[in-house]
Amino acid sequence: MGLFGLGAPEIAVILVAGAFLLGPQKLAELGKEAGKMAGELKEVPKEFQEGLAEGEKQAQKLKKEISDSSSAVKDAETE
């Protein structure tokens, strides 16, 4: 299975049709832009995971602060 569920023969037919309709120069420009977009899209999951990790760190920090505050209140009540 190739790109987007297409095999090599299907991709070849699409490229030939694109070259015929758009011309080789325009097709090369579109291919270059598609490559750039694909590269940028590869970074999205990584950035998402980094965001989740940062959110988890902040949540753990907040949980610790709440726990510490709760302990301080309980200690004050018992005095």
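Numbering (mature numbering (1 follows the signal peptide of the UniProt record, and there is no 0)), first residue to last: -18 to -1, 1 to 61.
Beta carbons: idealized from backbone N, C-alpha and C, even for Gly.
State the Cα-Cα distance for the pair residue i and residue j, rounded to the nearest angstrom.
| i | j | result |
| --- | --- | --- |
| residue 79 | residue 49 | No information on residue 79 is available, as it lies outside the stretch -18 to 61 that the chain covers here. |
| residue 52 | residue 26 | 38 Å |
| residue 1 | residue 9 | 6 Å |
| residue 14 | residue 32 | 28 Å |
| residue 16 | residue 23 | 10 Å |
| residue 43 | residue 60 | 26 Å |
| residue -12 | residue 20 | 18 Å |
| residue 28 | residue 35 | 11 Å |
Is the closest heavy atom of the ligand ATP to the C-beta of residue i under 7 Å?
| i | result |
| --- | --- |
| residue 46 | Absent from the structure shown: the ligand ATP. Ligands present: none. |
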